[in-house]
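K.L.:
Numbering (our numbering), first residue to last: 572 to 1001. Glycine included, every Cβ here is placed at the ideal spot set by N, Cα and C. Quick caveat, the model's predicted, so the values are computed rather than measured.
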């Protein structure tokens, strides 16, 4: 049994009021910001796929990705789209079999696929490679994804393109990029070995797509293989997505993910490309959105058929390196975004810290526990709805476990990563 301690009455009252303030702030954000995503279903619907669409270029940057290209590129090439489109793959000075793999795909898909070859790696990250891909693209509408990613359906391109052309003022579309292992309406489950995906109504995939992406497994079968780490990784991905989608819905878009991001070339030119943050290896996706996105020019697309799945980090070490890259990019967000996100993370961590202190001190336990339960039930309700929108099974009942882990991340892990001097590159090294 944990021993309690006595708080000075004045200090106890200060900590209690800080705890109440953190709880109120969290409730306001969850109900008024995250609630936009949980309850505004009309805002999440994809535009009619029959609306006229402009030609579009899909851009993938690949460095030492031969295996992933063999595995995932067929699903990208299987896209069904009723306007001109191309797949442009930038080979960023790969040292493995990537050039040969790309040549084979290109020969089989003449007129659809092109390859841009960068002979020598001269800068960290993939910003140079991506800028070369954007410069070489035929069309002014651009859709980004990664070499280790697979679209959820052959209609991914159509859904994202429809969202990009639905309104004249739209210049950016934010798509969702879940980890492999998320199922769609409880019907099937994606994994690296099982890559066919049902449509948004739970029906089977199209015959053509199924032939190219064989292998279905039930959620119960996959649940036996899913570890606590992979569950956590899915949860954290969904949590971050819920945050940036929700803020976009309330008029403050601040980031997107490069595995499922579309934009018009004009915004890339308007902000000067990557020149303002070229020194940071990461941030080729979220920093572009952070610099160019506004409440008026940004749309989101959350049709399940528009999701793009990718491999989760393999372990905690890989996850920490990934978070370090993300935080390095986040450090140069616009100041209003940094302040709001900082307050949000600090209130999350502070709420749990103050809860622990007040409970151990047995200071007004009825009030402390009451506020704690009010916040917890609010999150269970709101995030539960969001997880259904994102088609993320098996996570709702783990919220009471993973929400405190998010507090630990905000309060301890993120600060530690920010002050660490290590910087990770990108791509597989040989």
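#1: Look up residue 787 in the DSSP assignment and say whether it is helix, strand or coil.
#2: Would you call the region 742 to 752 in contact with the region 872 to 889, where contact means no fewer than 3 C-beta pairs closer than 8 Å?
#3: For residue 826, is the classification buried or exposed, using 16 other Cβ atoms within 10 angstroms of its Cβ as the cut-off for buried?
#4: In chain order, what residues of the same chain have a beta carbon less than 6 Å from the beta carbon of residue 833, not counting five sequence neighbours either side?
#5: Consult DSSP for residue 747 and reduce its assignment to one of helix, strand or coil.
#6: When you compare only the Cα positions, how much space is there between residue 628 and residue 681?
#7: Which partner residues of residue 834 appear in the DSSP bridge assignment?
#8: Under three-state DSSP, which class holds residue 923?
#9: So, helix, strand or coil for residue 659, using DSSP?
#10: With a floor of 3 residues, list each beta strand (DSSP E) that falls wholly inside the region 587 to 656, ordered by position along the chain.
#11: Three-state secondary structure (DSSP) at residue 687?
#12: Quick one: using the 10 Å Cβ neighbour count with 16 as the cut-off for buried, is residue 803 buried or exposed?
#13: Across which residues does DSSP place residue 879 in a beta bridge pair?
#14: Which residue or residues does DSSP assign as beta-bridge partners of residue 870?
#15: Does the distance from the CB of residue 873 to the CB of residue 811 come in under 8 Å?
#16: Which one of 947, 930, 843 has the shortest CA to CA distance from residue 702?
#17: For a test of the three-state rule: what should DSSP assign to residue 753, helix, strand or coil?
#18: Taking the C-alpha atoms as reference points, what is the distance between residue 927 and residue 933?
#19: So, at 6 Å on beta carbons, what are the nonlocal neighbours of residue 719 in its own chain, with the 5 sequence-adjacent residues on each side left out?
#20: Is DSSP giving residue 840 helix, strand or coil here?
#21: Anyone know if the C-beta pair for residue 678 and residue 637 falls short of 8 Å?
#22: What is the DSSP secondary structure of residue 825, counted as helix, strand or coil?
#23: Assuming residue 716 contacts residue 830 (C-beta within less than 8 Å), just tell me the rounded distance between them.
P.N.:
In short, the structure shows the following:
#1: Note that residue 787 has pLDDT 35, beneath the 50 cutoff, so the model's placement of it is unreliable and the number below is only indicative. Three-state DSSP puts residue 787 in coil, outside helix and strand.
#2: yes
#3: buried
#4: 714, 731, 735, 744
#5: Coil, per DSSP.
#6: 15 Å
#7: The secondary-structure analysis by DSSP pairs residue 834 across a beta bridge with 713, 743.
#8: helix
#9: strand
#10: As far as the region 587 to 656 is concerned, its whole beta strand (DSSP E) runs of at least 3 residues are 627 to 633.
#11: Assignment of residue 687 by DSSP, reduced to helix, strand and coil, places it in the strand class.
#12: buried
#13: 722
#14: 744
#15: no
#16: 843
#17: Below a pLDDT of 50, predicted positions are generally treated as unreliable, and residue 753, at 40, falls in that range; no measurement from the model is reported.
#18: Rounded to whole angstroms, residue 927 to residue 933 spans 10 Å at the Cα level.
#19: 639, 881, 882
#20: helix
#21: no
#22: coil
#23: 5 Å
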